[in-house]
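Novice: Sequence positions in the sequence shown follow this note's numbering and run 3 to 393.
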Amino acid sequence: MNYDVIIVGCGFAGSILARKFAEDNKKVLIYEKRNHIGGNMYEEVLDNNLRVHKYGPHIFHTNNKEVFEFLNNYSDWYFYEHKVIGKIDNQLVPIPFNFKSLELLYDQKDAQKIKEKLLKIYPNEYKVSILDLINNNDKTIKEFGEFVYKNVFENYTAKQWNIPISEVDKSVINRVPVILGYDDRYFQDKYQYMPKEGYTKLFENLLNHQNITIKLSENALNDISINNNKIYWQNKEYKGIVIYTGEIDELFNYKFGPLPYRSLKLVFENYDMNYYQPSSVVNYPNEEEFTRITEFKYLTNELKDNQTTILKEYPQKYDYQDENSIPYYAIINEENINQYNKYFELTKDIPNLYMCGRLAEYKYYNMDAVIERALELYKKVSSSNEKNSKK
Ligand SMILES: Cc1cc2nc3c(=O)[nH]c(=O)nc-3n(C[C@H](O)[C@H](O)[C@H](O)COP(=O)(O)OP(=O)(O)OC[C@H]3O[C@@H](n4cnc5c(N)ncnc54)[C@H](O)[C@@H]3O)c2cc1C
3 MNYDVIIVGC GFAGSILARK FAEDNKKVLI YEKRNHIGGN MYEEVLDNNL
53 RVHKYGPHIF HTNNKEVFEF LNNYSDWYFY EHKVIGKIDN QLVPIPFNFK
103 SLELLYDQKD AQKIKEKLLK IYPNEYKVSI LDLINNNDKT IKEFGEFVYK
153 NVFENYTAKQ WNIPISEVDK SVINRVPVIL GYDDRYFQDK YQYMPKEGYT
203 KLFENLLNHQ NITIKLSENA LNDISINNNK IYWQNKEYKG IVIYTGEIDE
253 LFNYKFGPLP YRSLKLVFEN YDMNYYQPSS VVNYPNEEEF TRITEFKYLT
303 NELKDNQTTI LKEYPQKYDY QDENSIPYYA IINEENINQY NKYFELTKDI
353 PNLYMCGRLA EYKYYNMDAV IERALELYKK VSSSNEKNSK K
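Next comes the structure, spelled out in structure tokens:
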């Protein structure tokens, strides 16, 4: 069988590109090394008949209308505004920190004083960064900023990334907000929805096209190799389009060393009760070893009595030589980006090879961002192919 396009990886990046090329009447082959479609968005049904997100909770939110309209072709949705609470000083308070969190953790008089000062110093602002608070000349505001930094950010970040807090880039701290009011939504995006029948069903619909063939449980690199800037597929030179959404360092046999990632140990627990916790996600920034607990019923809208499943996330080291270790979060810093760029340089002289997605581009992409990127790449590749075929 001849394929016009070969795609490595069946997450959003790979699946969307597959669908777009298939609709152009191109024969597409997808390789996926896991035994299922959907990449990290994959959901499975457990013995208690509850659906869970196998690779951690995924909440869809975007301001991009085109992205949401595209996904509407493959799923119905229900409105879902994500709310997170955090355990701080043995209290459950809204995260990001807002006026309600302040009232729960400070005595009434102090909370009132801080709220009034915040509104006076930052009039008409919806939120303010904790870095701004810490750098404020007003003693009360500065101490409040330090309180939030210490209780919400410092230990959580150290746990998540396993680095001393002094090494965390200031820009990261600058992105941690305090909400100047009572809005307790985690995201403020225009479109906040969850797929009615889940992500796996969405992927099944997306991939359901006569021009798409999927090989599951197959590492593409058993069939694909690169030599002298040419791609070989099943030992013959392949001149079609190759879209690669896997780890770029693996593609080049770790020539410049493995790119660093942070991984997670995910522990699912079932309970015979209606609900385990008051919200879909509770963050544990401080004492516990895990960073957060997710209760899936809130996300999947399944209202099963007396059964619930939760997930505890323990940040871990990633080991590229251990096939059970999963690269979850790229560790973005100057050194690692330089290392990534060396790999990326190698792709530039291979005209029919394209990198797309969180692993191939060594980036943190939210789902909406990776979908946007895949749609853009499709436009770019299909228009350059059209030009070539007209030459
Ligand atoms: C814990 C966690 C929570 C997240 N929560 C959210 C959220 O709430 N909202 C949000 O918008 N985003 C969230 N994200 C981001 C989201 O997961 C990414 O946007 C998405 O996974 C990117 O899709 P992708 O196709 O690039 O990668 P992936 O989904 O990882 O797909 C890549 C696929 O390629 C396969 N592959 C790799 N190499 C090969 C090979 N050699 N041969 C065959 N197959 C291969 C992999 O097995 C994988 O299935 C979260 C990410 C993490 C880690």
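C-beta: ideal position from N, C-alpha, C; glycine also.
Do you know how far the Cα of Asn237 is from the Cα of Leu348?
Specialist: 20 Å
Novice: Does the distance from the C-beta atom of Phe298 to that of Leu94 stay below 9 Å?
Specialist: no
Novice: Mapping the DSSP letters down to three states, classify Ile39 as helix, strand or coil.
Specialist: coil
Novice: When burial is assigned at 16 or more other CB atoms within 10 Å of the CB, is Lys267 buried or exposed?
Specialist: exposed
Novice: Please name the residue in Leu135, Thr215, Asn210 whose C-alpha comes closest to that of Asn176.
Specialist: Leu135
Novice: Cβ atoms of Pro98 and Ile181: under 9 Å apart, would you say?
Specialist: When the beta-carbon positions are compared, Ile181 and Pro98 come within less than 9 Å of each other.
Novice: In the DSSP assignment, find the unbroken alpha helix (DSSP H) run with Val174 in it and report its ends.
Specialist: Annotation: the continuous alpha helix (DSSP H) that includes Val174 extends over 172–176.
Novice: What does DSSP give as the partner residue(s) for Gly88 in the beta ladder?
Specialist: According to DSSP, Gly88 bridges with Val95, Asn285.
Novice: Does the distance between the C-beta of Asp370 and the nearest non-hydrogen atom of ligand 1 fall short of 8 Å?
Specialist: yes
Novice: Taking just the CA atoms, how far does Lys56 sit from Leu48?
Specialist: 10 Å
Novice: What's the call for Pro280, buried or exposed, on a 16-neighbour Cβ count within 10 Å?
Specialist: exposed
Novice: Can you check whether the CB of Lys144 is closer than 9 Å to the CB of Asn138?
Specialist: yes
Novice: Should the segment 57–65 be regarded as contacting the segment 203–217, the criterion being three or more beta carbon pairs within less than 8 Å?
Specialist: no
Novice: Might you give, ordered along the chain, the residues of its own chain that have their beta carbon closer than 7 Å to the beta carbon of Asn66, omitting 5 neighbours on each side?
Specialist: Asp370, Glu374
Novice: Do you know whose CA, among Ile245, Ser131, Ile9, Lys117, lies nearest Tyr184's CA?
Specialist: Considering only alpha carbons, the answer is Lys117.
Novice: Using the Cα positions of Val383 and Tyr80, report the straight-line distance between them to the nearest angstrom.
Specialist: 34 Å
Novice: Any heavy atom of ligand 1 closer than 8 Å to the Cβ of Ile61?
Specialist: Correct: Ile61 has its Cβ closer than 8 Å to ligand 1.
Novice: Under 8 Å: do the segment 218–232 and the segment 24–37 share three or more Cβ pairs, one atom per stretch?
Specialist: yes
Novice: Are the Cβ atoms of Ser17 and Pro197 separated by less than 9 Å?
Specialist: Cβ distance not < 9 Å, so Ser17 and Pro197 don't count as in contact.
Novice: So is the beta-carbon of Arg360 under 8 Å away from any non-hydrogen atom of ligand 1?
Specialist: Checking every heavy atom of ligand 1 against the Cβ of Arg360, one is found closer than 8 Å.
Novice: Kindly identify the DSSP beta-bridge partner or partners of Met357.
Specialist: Tyr246
Novice: I'd like to confirm the pairing. Which residues does DSSP put opposite Ile181 in its beta bridges?
Specialist: DSSP output for Ile181 lists Lys129 as bridge partner(s).
Novice: Measuring CB to CB, does Ile245 end up less than 9 Å from Val69?
Specialist: For Ile245 and Val69, no; Cβs fall outside 9 Å.
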